[in-house]
Each structure stands twice: as C-alpha cells, then as structure tokens.
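*Asks:*
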Amino acid sequence: MKKNIGFLIFGAILGLVALSFIQGYLINNTYELEKKAFVQETKRKIFRFDDNVAAFDSIYDVVGSFVVDQMIDYKLNRLKKSALLDSINIVQESVNAKYISLCQETFEKQNLSFPIKFQKRLKSIIILDSIKNDTLIFNPTKAETLFLLGETFDLKNAYGINNSQTTTDIERTYEENGLQKAINLEFQIVIQDYFDIEGWETEVLKRMSGILALSVLIFALVLGLLYYSIKSLISQKKIADVKTDFINNITHELKTPLATLGLSTKMLRKGSDKPELINATVNTIERQTVRLQKLIDQVLDNSLGYHEIQLNKENVDISNYLNTVLDDFELSIKDNSVVLNRHINTDNHKILLDKFYVTTAIFNILENAIKYNSGDVVIDFKADFTDNLIILISDNGIGIPNKHHSQIFEKFYRAGNKEVHDVKGLGLGLYYTSQIIKAHGGEITVENSIQGAAFKIKIPFKA
Ligand code: ADP
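Next comes the structure, spelled out in structure tokens:
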C-alpha cells in the first residue's frame, strides 16, 4: 500500500511536470507569435510617414547631395575613401537633431503606447565605373553598417526593416585649370532602417495577460487539487493504519480476559463439590468482567473530544492541589525504583480548574513516564506560575523521536518503534490529556529533549 501511494505520488508529480513543460512550450509559442504580430503592427504604423514626406525628403536631399559631392571629389582623386566616409559625420551633425524630432513627431501621431527609436544605416556605396571595375567605397559585413541618421541604440535587439537599394546616374561639372569640365557619376547605395522598441517585452506580455492569468490559474488549480488529493490520500492511509493498530491492540487486550472467562465457565459447567473452587472461579469471572468493563470505559471516556467534556471548575490553590496529585500518584505506584522530583514554585496562587479531569491528564503523563521507561525511572515535575500555570513533566525513558511529535496527541496514535510495541496501549491517553487541557483553554506540547520525553502543559489563569 505504501509502495502504491509512493508510485501514485511519483506519477502525479511526473504528470504535473510534463504538463508544466507543455504549458511552458505553448506559452512560449504564443509569446513568439504575439511578438511577431506586435513587431509587424509597429512596422506598419511607423511607416506611415506620409504627413511629413516633404520634411523628410529635404533632409535626405541635404545628405544625398553632400555624399554625391564627396564621391565626385573622390573620383577626381581629391579625397580618399576613408576621408569620404568620415566626412559623413559633418552632414549628420547638421541635420540629425531635426531628423530625430521629425521621427518622434511622426510616431506620436500614431498614438503608440510605448517609446520607439529609429535609425538609418548605410549598408554599402558602390561607384559603378563603366570602364574600370566597380569601386567599393563601403561594403562591409552586416554588423559593420555605418550609422547615418536617427537615434543611437544597440542593434542586438533592434528590428531591421526597409532595406532600400538605389542606383543613380549623375552628370556634374567641375573646374580644372580654369576650365569647366563634365563628370559622370553612377553609383549604387543601400540603406537599411532599424527600429527599437523600449520595453517591448512588457508590451507583448501585457497583450498576453489574459492567457497568462488563465494558465496560471489553471495550473494553480491543478496543483491545489493534486496537493489536496495527495494530502487526503496520505491522511486516509494514516487513519487506516492507526485504526488497524487500534483493532490489533484492543483485540489483544480483550483476548486474555475472554480466554479466562471461557475457562472459568467451562470449570463451572463441569461442576465441583468444592465450594472454595467455585468461589475462586466466580471471583476470577468477576475480576475479568471488571477488567473488560474498564477497558470499554477507557475507550469510551478517553475518546471524548474537548467540546464534549463537561468541566466542573473550582478555585484551587495550585501548590496544594499539585502536591496532593503527586502524593496520590506515588501511593498508586508500588514500585520503589520510581523517583519523582518535585519543583513546585507557584506560591499561593490559585487557579480555576476541574480537579478530576486535570488529575487524569497529569496521571496519564506520569503513567506513560513509567510505561515507556528505559530502566530506573526518574520523573521531574516542575510547576511555575506567571500569567499561566506552566507544568513541565520530563522523564528519562525511551523518549519520543521528533518525527512523531506532531501526531502524538492524535487519537489512537502510537509511535511505531519496537520499544513502544512491547508496551500495551491503545493510543488514547495523550489524546484525552490534550482534550482535557484544550477544554481548559490551554495547550499541551511535547518538548524536544536530549533524553526521555518532556511534556509542557499551559493552563491560562482565567481558564
Ligand atoms: P498509549 O500509551 O496507550 O500508547 P498514549 O496516548 O498515552 O497511548 O501515548 C501515545 C504514544 O506516545 C505512545 O504509544 C508512545 O509511543 C508515546 N509516548 C507517550 N508518552 C511517552 C513517554 N513518556 N515516553 C516515550 N513515549 C511516549
């Protein structure tokens, strides 16, 4: 059964992990799709530059004619390639601020709910010489494109759009040695636009918030149901185990008196002319009947819950009361090897409690200290009074392993170690004790101790 539950839990957890992976995979796919759709939509929106076409064109004209001039100077050997590229900075500085504000103005018109940056980069310039080979002025690898206009940003997360290639053929005149000469310039220029959306992840996640919330909710629900099912499965199993133990224990307890009763009945049936023998048999029957009655009473009484216990409280002097309880206990044990140390520091304080029940509770703990001994028994009984009555009872017996502490006050619960198995019991004493203390508004706890077991009882002053 234990193995089955283990497998079941393992299977359920495995299923949940698999489900989480599938869900994660689907969410990731949705995220990628949403991201794609968002980028496409943004692309479409920011390309509606129609309103500002003239303003943009005038900037492009300034830059274009400057670059053409530089290329002509290059073709006339008046400028080097590197100087040509460096000179682009000059025109850039003069128009870039205007270009950026124009871009932002255009984006604002689209009512975008997120900030966006735009940039133009030069991919290549090639002078197409008809006679010689074409001259590559600038034709770098993808990563080394040249910043032309717009705002600066890291290209790693940016989106490249609108790769435009233009081929132009221009006739220009220039002066040389006082003469006007004509020059022809045919070139190809490739420009790439990039845009960068700040916080696009948040924007995409915002769009997915519905599906995300729903999947988190479903996942939490499945997790909660699974947790609840496993928890109740374990507790059902625990209850079943505890009940089986209880039935075994009580059967064991009933067997001896029943066997004796059976034997006695047989003897009586056979008949005897010896009155002493009849008398002794009747006495045995009586003793065993009382024993059976006591056993039944114990099960019935000790099974009461705290709300079923009818308290009959009285104001008692704590010190007197506890000393009387301990005196009675010492009288009830016929074993001289039990040492009971008393440290009762409650002065003349009084408290409201039901003497009968609290005595039963204290007796249960003291009797257990003897039952679960590991040789000579030494019990320390301490009582203090601050705002509450605090009683600490510790022994030097077999002790209670920490893993049982949380269950030790449950009905029928017995720590399952071998030493406990050898001691008779129904697992009701501590349950009943805890219910009595609870009925007084107090609490009982089992304390960690290096040797033996220790119990702490707290009963509030105004119980
Ligand atoms: P029972 O003694 O009939 O089993 P109790 O409710 O009195 O039932 O105790 C429950 C369990 O707590 C015991 O079976 C035992 O395992 C453990 N226990 C209680 N008192 C002690 C103690 N003083 N020392 C060691 N174990 C204890």
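One point on numbering: in the UniProt record's numbering, the residue at position 64 of the sequence shown is 64, and numbering is uninterrupted.
We put the beta carbon where it would ideally sit given N, CA and C, even for glycine.
Does the ligand ADP have a heavy atom nearer than 6 Å to the CB of G429?
*Replies:* yes
*Asks:* Identify whether K411 lies in helix, strand or coil by the three-state DSSP scheme.
*Replies:* coil
*Asks:* State the start and end residues of the unbroken alpha helix (DSSP H) segment that holds D61.
*Replies:* V53 to K75
*Asks:* Quick one: using the 10 Å Cβ neighbour count with 16 as the cut-off for buried, is S235 buried or exposed?
*Replies:* When all chains shown are included, S235 counts as exposed.
*Asks:* Taking only three categories from DSSP, how would you classify K120?
*Replies:* strand
*Asks:* If you measure from the CB of G375, is any heavy atom of the ligand ADP nearer than 6 Å?
*Replies:* no
*Asks:* Taking only three categories from DSSP, how would you classify Y227?
*Replies:* helix
*Asks:* Do K120 and G150 have their C-beta atoms within less than 7 Å of each other?
*Replies:* Yes.
*Asks:* So the candidates are Q92, L76, A18 and R342; which of them puts its Cα closest to the Cα of V378?
*Replies:* R342
*Asks:* Give the DSSP bridge partners of K456, in chain order.
*Replies:* L392 and T445
*Asks:* Taking F66 as the reference, give the member of K75, L84 and N77 with the closest Cα.
*Replies:* Cα-wise, what sits closest to F66 is L84.
*Asks:* Within its chain, find whatever has a CB closer than 6 Å to the CB of I390; leave out the 5 residues flanking it on each side and keep chain order.
*Replies:* D384 and K458
*Asks:* Beta carbon of K438, beta carbon of Y306: below 7 Å?
*Replies:* yes
*Asks:* Cβ atoms of G397 and N373: under 7 Å apart, would you say?
*Replies:* yes
*Asks:* Spatial neighbours of F7 within its chain, please: CB distance less than 7 Å, with the 5 preceding and 5 following residues excluded, ordered by chain position.
*Replies:* The answer is none, since no qualifying residue turns up.
*Asks:* For the candidate residues R207, K156, I90 and E176, whose alpha-carbon lies nearest to that of F114?
*Replies:* R207
*Asks:* Quick one: what does DSSP say F187 is sitting in, helix, strand or coil?
*Replies:* strand
*Asks:* Could you work out which residue in G64, Q104 and V338 is closest to T167 when comparing CA atoms only?
*Replies:* G64
*Asks:* Does the Cβ-Cβ distance between S434 and I450 come in under 7 Å?
*Replies:* no
*Asks:* Between L352 and L340, how many whole angstroms is the CB-CB distance? I'm expecting something under 8 Å.
*Replies:* Incorrect: roughly 26 Å between the Cβ atoms, too far for contact.
*Asks:* Does at least one heavy atom of the ligand ADP sit under 6 Å from the Cβ of V420?
*Replies:* yes
*Asks:* Smallest Cα separation from G160: which of S20, F118, Y174 and I59?
*Replies:* F118
*Asks:* Could you tell me which residues DSSP puts in a beta bridge with L102?
*Replies:* Answer is none; L102 lacks a bridge partner.
*Asks:* Would the C-beta of Y357 count as close to the ligand ADP, meaning under 6 Å from any of its heavy atoms?
*Replies:* With a cutoff of 6 Å, Y357 does not count as near the ligand ADP, since its C-beta is closer than that to no heavy atom of the ligand.
*Asks:* Rounded to a whole number of angstroms, what is the C-alpha to C-alpha distance between E93 and I100?
*Replies:* 11 Å
*Asks:* Taking a contact to mean a Cβ-Cβ separation below 7 Å, would you say L428 touches N249 in this structure?
*Replies:* Between L428 and N249, the C-beta gap is not smaller than 7 Å, which leaves the two residues out of contact.
*Asks:* Find out if the Cβ-Cβ distance for the pair L185, M71 is shorter than 7 Å.
*Replies:* yes
*Asks:* When the Cα atoms are used, what is the spatial distance from I218 to K36?
*Replies:* Cα to Cα, I218 sits roughly 26 Å from K36.
*Asks:* Say whether the segment 286-305 touches the segment 247-262, bearing in mind that this needs 3 or more beta-carbon pairs closer than 8 Å, one atom from each stretch.
*Replies:* yes
*Asks:* Is T281 closer than 7 Å to L268 when the C-beta atoms are compared?
*Replies:* Contact flag set, yes.
*Asks:* D245: which of L426, D57 and I22 sits nearest, CA to CA?
*Replies:* L426
*Asks:* Out of T359, N312 and A18, which one is the CA nearest neighbour of F329?
*Replies:* T359 is the residue among T359, N312 and A18 whose C-alpha sits nearest the C-alpha of F329.
*Asks:* Pick helix, strand or coil for A463, following the three-state DSSP scheme.
*Replies:* Reliability of the predicted coordinates at A463 is poor, the pLDDT of 46 falling under 50, and no value is obtained from them.
*Asks:* Of the residues L148, V39 and I230, which one's Cα is nearest the Cα of V204?
*Replies:* V39
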